[in-house]
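Sequences listed follow chains A and B, in order.
The numbering of the first sequence is the working numbering, which starts it at 7 and goes up by one.
The numbering of the second sequence is the working numbering, which starts it at 7 and goes up by one.
Protein chains: 2
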Amino acid sequence: MDLFSSAEIGHKIPKEQYDKEAPEVREQLLEAQLSAVEMGKFATLIVIGGVDGAGKGETMNTLLEWMDPRHVQTFAIEAATEEEQERPMMWRYWRALPPKGKTGLFFGSWYTAPIVDRVLKKIDGEDFEKRMQDITRFERMLFDEGVLVIKFWFHLSKSAQKKRLESLQKDPKERWRVTPEDWKRFKIYDRFRGISDRALRVSSTAHAPWTVVEGGDSRFRNLTVARAVLEAIKGRIATKGEPPPDFQPAVPLPAVDRLNVLRTLDLSQKISEPKYDKLIDKYQRELALLTRKPRFRELSVVSVFEGSDAAGKGGAIRRLTRALDLRMYRVIPIAAPTDEERAQPYLWRFWRHLPRRGKIAIFDRSWYGRVLVERVEGFTSEADWMRGYGEINDFEADLAHHGIVVVKYWLQISKEEQLKRFKARQAITFKRFKITEEDWRNRKKWDDYEQAVADMVDRTGSRYAPWTLVEANDKLHARVKVLETFVERLETALK
Amino acid sequence: MDLFSSAEIGHKIPKEQYDKEAPEVREQLLEAQLSAVEMGKFATLIVIGGVDGAGKGETMNTLLEWMDPRHVQTFAIEAATEEEQERPMMWRYWRALPPKGKTGLFFGSWYTAPIVDRVLKKIDGEDFEKRMQDITRFERMLFDEGVLVIKFWFHLSKSAQKKRLESLQKDPKERWRVTPEDWKRFKIYDRFRGISDRALRVSSTAHAPWTVVEGGDSRFRNLTVARAVLEAIKGRIATKGEPPPDFQPAVPLPAVDRLNVLRTLDLSQKISEPKYDKLIDKYQRELALLTRKPRFRELSVVSVFEGSDAAGKGGAIRRLTRALDLRMYRVIPIAAPTDEERAQPYLWRFWRHLPRRGKIAIFDRSWYGRVLVERVEGFTSEADWMRGYGEINDFEADLAHHGIVVVKYWLQISKEEQLKRFKARQAITFKRFKITEEDWRNRKKWDDYEQAVADMVDRTGSRYAPWTLVEANDKLHARVKVLETFVERLETALK
């Protein structure tokens, strides 16, 4: 699960739904645009970047059709003109900036050159990092100057991109869209993805966050982007054109097709008891061997268990620790912070529990509290949990950079399964203490939690600290998947 | 003139002044500290970095003496302990963070390792840039969490550092302070300075700006740092411990010795008329030749003229352009922005005038208006002009990066000379239009302008776009210096 995972799950909108919703969105968008024109207090800058064949051009044309083109300035990346080449790189973008009241529609942007140049190794890593810094400072300046910047990254999985290029090529009317250049770029898809990942991560600032959009279905793309633009413009009009005090919240992706990473899970997955016994035994044995390797003493592991209430985190943790030497691991249950912890920055209480080399720290709940319970229950302001994602990413990058293996689990059960477990627990005295009033209250906010979890997975999944989503309706399946993943991650790290 | 220039002008405080002021500052500092302890709402983190031999340790000890040490946690960079080595780099700093109410005094910090490692080429440029990004994000997090971060960089010029090391070595009681390591580092002073410059530039953010302090005189150092800390703590107490909405303004260096870069100028410099004629002729001829070289067609030049009112900018510009082909240059007088310009971000109206290759753009007044007249007259909020420095630096870095030669002049006259010129102009009809009510008004704010100019030179001088301060009481001297500098910069660029 990484930055792009949510844009690889096959978002789609049926034609009937589109035909019904599109005209409404279109009308509202036009209205919002004209209010912004009339107000004349802020410029809107829509940036669309992403992989080839993900429909950037088509969606741009749709937006242009839906808005009043007299108040839209479009800009498309092409080879720089002679005029442009003679000025600093950013000159062409400054030239194209929309004035207050107007909208700029940028097809490609200041990201294109650094990413492509880095992919083709025309610039080195140092140059790339510097240019990313220049860009974040540039966008910060735009924010400070009151420009509403909305950035979309259109994504396609490798296989989807291939399919799309092939199908375009088959269609005589569309064939012209596919150039040899496109195929050449397809061959370096993985490198492109890696570098884009870095670029998006660095430049997804509080002032100009990215929104990643799955590019496979044009109806989904159009509605998603148009709705997001609509919300952003409406938001700015509501504050009379003034930018928010310090950060521009990412436009939450309108769930136009009600699909998210959690809903793509097949919760019916099951495993039989004999098979479970065999597998648990196998992985525990493997784990015991792995952690006894001399090389293991140079590593450490930080593991995070998050999940719905009653999803079985405790049981899964016990199956894991059973294979470990007691001196080797610590389980750290995260509850309310102590006084001492409250007097420090949020992440301080997690930093203090980082393991030494050769040790494993297992967090039963974790720093993700900020973007889950604190967000949903309103314990933290939006500004604070919004910046939480970035701080968590920085924290985990620090860990990974130091050679700590970060293994993160989200255990998911269905709403029905949760109800069953709550009731069962109430019936059994010794488990009773586990169900509290709070659990029932949380349950009422099921949808809010689901949204928070989906956002969390989108924004904090990474190569170096990926999320593993565990289908936990069947406890046996869940425990095996947890152990199996743990063993795999360790094996890779010890290679 | 660069980032460090103001810390190379020989700041000093006489003993009598120190003996009088130090006890007052000390008492107030202690009081402020104890109020912060009582309030318990924010932690204060004082970071002292800089070159060897600039008195970091001594000043830290003074601070520690002046404050209540029970509420101060000190941290000194040493080789990481075994415990620390086994955790990510930042762990040792997290560990040392002061809780709310307390003060952390960091002797060396998270900057030390990246700078030293880069100087010794243990890490490459990409790594260095990434670590700088990590640091700015870390400090941003501290800001968001309400920590008051105050960063001082102690500077010594190369010759001052050498003198200091030698004098320490001569004193039997102080000799131990100088290690062979210090001399080894002295040998790479220039490299260290270049890399520190980059580090400070990148990390002098709105949330944790640097204050550069000249390290030569211990009385100056102590008073300056103590006063700056005092002001910062008082400021935070005044807002009941809440951080400012978006940025932490740099603590203005209290001018404890009333010295600044402008006051170090020798305005009595003069040149005789025959010599003037000879030199102007010489440089105009050289300039004409230089701009006719084929290589010149690959360059462009952006020149900025700023100066006190009546300092003679126009005359100096004319002496310059006289040597140039009319098709080659444009003089761009900067007045109030047009409607179209007002609808764009501040720098837009300067970007639009950037020259093509082989051309020269001469700005008569410039983007520095934001941090001069707009600041002094209160046309712009503090938040806006404070971010102006960074935006201007980014802008000029873009220019330089593209191969544009940036030549910036500040023409300085004395207050008396200005009065003489104002009166003379009023007497001569054809120059009369040049003196307005506004000029007289500006004159009343002489000291505010002087402070703004000194800050501007400190914060926007750079290797790639250095300021040339021109002593302009004698017009002939000024014109020659302007032309001479222009020729020199072009010669270097054409090499």
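Cβ coordinates follow ideal geometry from the N, Cα and C atoms, glycine included.
None of these values were measured; they are calculated from a predicted model.
Simplified DSSP assignment, three categories, for residue i
{"i": "aspartate 370(A)", "result": "strand"}
{"i": "arginine 336(A)", "result": "strand"}
{"i": "glutamine 167(A)", "result": "helix"}
{"i": "threonine 185(A)", "result": "coil"}
{"i": "phenylalanine 158(A)", "result": "strand"}
{"i": "phenylalanine 302(B)", "result": "helix"}
{"i": "serine 309(B)", "result": "strand"}
{"i": "alanine 82(A)", "result": "strand"}
{"i": "valine 493(B)", "result": "helix"}
{"i": "threonine 442(B)", "result": "coil"}
{"i": "phenylalanine 112(B)", "result": "strand"}
{"i": "valine 488(A)", "result": "helix"}
{"i": "threonine 297(A)", "result": "helix"}
{"i": "threonine 466(A)", "result": "helix"}
{"i": "histidine 359(B)", "result": "coil"}
Contact set for residue i: own chain, Cβ-Cβ below 7 Å, skip 5 residues either direction
{"i": "tryptophan 452(B)", "result": "Lys421"}
{"i": "tryptophan 354(B)", "result": "Glu347"}
{"i": "glutamate 490(B)", "result": "Tyr289"}
{"i": "isoleucine 194(A)", "result": "Val125"}
{"i": "glycine 467(B)", "result": "Met7, Asp8, Leu9, Ser11, Trp473"}
Endpoints, alpha helix (DSSP H) assigned at residue i
{"i": "isoleucine 201(A)", "result": "195-209"}
{"i": "tyrosine 99(B)", "result": "97-102"}
{"i": "phenylalanine 385(B)", "result": "Per DSSP, phenylalanine 385(B) belongs to no alpha helix (DSSP H) and is neither H nor E."}
{"i": "glutamine 39(B)", "result": "21-45"}
{"i": "glycine 55(B)", "result": "Per DSSP, glycine 55(B) belongs to no alpha helix (DSSP H); it is in the beta strand (DSSP E), 50-56."}
{"i": "glycine 321(B)", "result": "319-327"}
{"i": "leucine 236(A)", "result": "224-244"}
{"i": "glutamine 139(B)", "result": "131-150"}
{"i": "glutamine 350(A)", "result": "From DSSP, glutamine 350(A) is part of no alpha helix (DSSP H); its letter is neither H nor E."}
{"i": "valine 413(A)", "result": "No alpha helix (DSSP H) holds valine 413(A); the beta strand (DSSP E) holding it covers 410-418."}
Listed by chain order, chain A residues near residue i by CB distance under 9 Å
{"i": "lysine 106(B)", "result": "Arg348, Ala349, Gln350"}
{"i": "isoleucine 111(B)", "result": "Correcting the residue type first, residue 111(B) is leucine in the shown sequence and not isoleucine. Simply none; closest approach about 17 Å."}
Nonlocal neighbours in the same chain, by C-beta distance under 6 Å from residue i, ignoring five residues either side
{"i": "leucine 496(A)", "result": "Leu296"}
{"i": "arginine 336(A)", "result": "Ala367"}
{"i": "threonine 270(A)", "result": "Ile15"}
{"i": "aspartate 454(B)", "result": "Val382"}
Cross-chain neighbours of residue i in chain B, by beta carbon under 7 Å
{"i": "lysine 136(A)", "result": "Glu135"}
{"i": "glycine 131(A)", "result": "Glu132"}
{"i": "glutamate 151(A)", "result": "Pro351, Tyr352"}
Partners in chain A for residue i, counting only beta-carbon separations shorter than 7 Å
{"i": "glycine 147(B)", "result": "Here the sequence assigns methionine to residue 147(B), which means glycine is not the residue at that position. Residues of chain A passing the Cβ test: Pro351, Glu397."}
Per-residue contacts from residue i into chain B (C-beta, under 8 Å)
{"i": "leucine 405(A)", "result": "Pro94"}
{"i": "aspartate 400(A)", "result": "Asp140, Arg143, Phe144, Met147"}
{"i": "leucine 103(A)", "result": "Gln350, Pro351, Trp354"}
{"i": "tryptophan 100(A)", "result": "Leu353, Trp354, Trp357, Arg358"}
Cutoff 8 Å: residue i Cβ touching any chain E Cβ
{"i": "histidine 408(B)", "result": "In the structure shown, chain E does not exist; the protein chains are A and B."}
Own chain partners of residue i with C-beta closer than 8 Å, once the 5 adjacent residues on each side are dropped
{"i": "arginine 376(B)", "result": "Tyr352, Thr386, Asp390, Trp391, Gly394, Ile398"}
{"i": "threonine 118(A)", "result": "Gly55, Ile83"}
{"i": "lysine 108(B)", "result": "Val43, Ala49, Thr50, His77, Val78, Gln79"}
{"i": "arginine 485(A)", "result": "Tyr282, Ile286, Gly318, Gly321, Ala322, Arg325"}
{"i": "proline 105(A)", "result": "Ala49"}
{"i": "leucine 293(B)", "result": "Leu326, Ala329, Leu330, Leu489, Phe492, Val493, Leu496"}
Within chain A, partners of residue i - CB distance below 8 Å
{"i": "valine 208(B)", "result": "Gln139"}
{"i": "leucine 360(B)", "result": "Arg93, Pro94, Trp97"}
{"i": "arginine 227(B)", "result": "Within chain A, no residue comes near arginine 227(B); the closest Cβ sits about 30 Å away, beyond 8 Å."}
Residue range of the unbroken beta strand (DSSP E) whose run includes residue i
{"i": "glutamate 477(B)", "result": "473-477"}
{"i": "threonine 65(A)", "result": "Note, threonine 65(A): premise wrong, no beta strand (DSSP E); alpha helix (DSSP H) at 62-72."}
{"i": "valine 218(A)", "result": "216-220"}
(request) Flag this pair as touching only if the segment 21-28 of chain A and the segment 115-126 of chain A have three or more C-beta atom pairs under 8 Å; answer yes or no. (result) With contact defined as three or more Cβ pairs closer than 8 Å, the segment 21-28 of chain A and the segment 115-126 of chain A are not in contact.
(message) Count Cβ pairs between the segment 97-106 of chain B and the segment 54-71 of chain B that sit closer than 8 Å; are there 3 or more?
(response) Fewer than three Cβ pairs drawn from the segment 97-106 of chain B and the segment 54-71 of chain B lie within less than 8 Å of each other, which leaves the two stretches out of contact.
(request) Decide if the segment 140-148 of chain B is in contact with the segment 142-161 of chain A; the criterion is three or more beta carbon pairs, one per stretch, under 8 Å apart. (result) The segment 142-161 of chain A and the segment 140-148 of chain B do not touch, with fewer than three beta-carbon pairs separated by less than 8 Å.
(message) Does the structure place the segment 151-170 of chain B close enough to the segment 214-225 of chain B that three or more beta carbon pairs sit under 8 Å?
(response) Taking a cut-off of 8 Å for Cβ pairs, the segment 214-225 of chain B and the segment 151-170 of chain B touch, as three or more such pairs fall below it.
(message) Could you check whether the segment 354-364 of chain B touches the segment 47-60 of chain A, counting it as contact only if at least three pairs of C-beta atoms, one from each stretch, sit closer than 8 Å?
(response) By the Cβ rule, the segment 354-364 of chain B does not count as touching the segment 47-60 of chain A, because fewer than three pairs are nearer than 8 Å.
(request) Could you say if the segment 26-39 of chain B and the segment 86-99 of chain B meet the contact criterion of at least three C-beta pairs nearer than 8 Å? (result) Segments in contact, no.
(message) Using 8 Å as the cut-off, can you tell me whether the segment 163-173 of chain B makes contact with the segment 226-236 of chain B, which would need three or more C-beta pairs spanning the two stretches below that distance?
(response) Two segments are said to touch when three or more pairs of C-beta atoms, one from each, lie closer than 8 Å; by this definition the segment 163-173 of chain B does not touch the segment 226-236 of chain B.
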